[in-house]
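A short write-up of the structure that comes next.
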Amino acid sequence: MSEAKCHQYRTTIAWDGGAGTTSYKAYSRDHVLGAEGKPDILGSADPAFRGDRGRYNPEELLVASLSSCHLLSYLYVCAVNGVVVTHYRDEAEGVMRAEAEGSGRFERVTLHPHVTIASGDRDKARALHEQAHRLCFIANSVNFPVEVEPVIEGG
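In this text, residue positions in the sequence shown follow the numbering used here: the first is 34, and each later residue adds one.
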């Protein structure tokens with residue numbers, strides 16, 4: 034039996050306080066996310082929480098992480114199972130409930146992968162989404178349902 038391997042990930046986040054947190058409305062939510070050797074990601078809060086609509090917010094990044102992880106897991110299982118994928122596009126959506134006292138949590142994320150295959154069986158290509166979902170590190174780490182509603186074309 035193989036031994037589990039641990040992987041470590043490091044990121045940075047930087048926020049310039051300007052005038053500081055003198056009141057809820059006074060401070061900027063803008064910040065910069067980074068990882069060594071990679072381009073920065075401009076972040077902010079969701080506009081509903083006084084953030085900048087032109088920057089990514091944590092909620093979008095969580096949904097994008099789930100979508101990206103599923104994509105990479107799916108491409109892997111297709112490659113080892115003889116399904117040739119030539120195009121993949123996902124329009125993922127997440128539902129978050131914000132509570133009156135200020136807390137919140139995601140209730141679910143739904144992935145909508147639209148996949149084009151050059152060769153292979155469509156039913157098999159559809160079924161491999163279940164295997165990819167079981168393999169996805171990010172989906173295995175969240176405490177809310179992640180649903181996958183694929184569309185398969187080609188073959």
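Glycine included, each C-beta is placed from N, C-alpha and C at the ideal position.
Here the structure is a predicted model, which is why all the values come from computation and not from measurement.
Residue i versus residue j: straight-line alpha-carbon distance, rounded
| i | j | result |
| --- | --- | --- |
| Val117 | Asp79 | 38 angstroms |
| Ser77 | Thr44 | 16 angstroms |
| His64 | Gly137 | 21 angstroms |
| Ser100 | Asn173 | 13 angstroms |
| Asn176 | Leu144 | 16 angstroms |
| Ser98 | Glu92 | 10 angstroms |
Sequence-distant residues of its chain with Cβ nearer than 6 angstroms to residue i (five each side left out)
| i | result |
| --- | --- |
| Thr149 | Thr119, His120, Glu186 and Gly187 |
Own chain partners of residue i with C-beta closer than 8 angstroms, once the 5 adjacent residues on each side are dropped
| i | result |
| --- | --- |
| Val96 | Ala125, Glu126, Gly127 and Val142 |
Spatial neighbours of residue i in its chain, beta-carbon cut-off 7 angstroms, leaving aside the 5 residues before and after
| i | result |
| --- | --- |
| Gln164 | Val110 |
Residue-chain proximity (residue i, chain C), Cβ-Cβ < 8 angstroms
| i | result |
| --- | --- |
| Ile171 | Here chain C cannot be found, since the structure has a single protein chain. |
Environment of residue i [buried if 16+ CB atoms lie within 10 Å]
| i | result |
| --- | --- |
| Val184 | exposed |
| Leu104 | buried |
| Asp49 | exposed |
Spatially closest choice to residue i from the options, by CA coordinates
| i | options | result |
| --- | --- | --- |
| Asp208 | Gly135, Ala133, Phe82 and Asn114 | Since the first residue shown for the chain is 34 and the last is 188, residue 208 is missing from the structure and cannot be characterised. |
| Lys38 | Pro178, Phe170 and Glu182 | Phe170 |
| Arg232 | Glu69, Ala68 and Ile46 | This structure gives no information on residue 232, because the portion of the chain shown stretches from 34 to 188. |
| Ala68 | Pro178, Gln41, Ser152 and Gly53 | Gln41 |
| Phe82 | Leu66, Gly135, Asp154 and His147 | Gly135 |
Query - Complete runs of the alpha helix (DSSP H) confined to the region 66-133 [at least 4 residues] - result: 91-113
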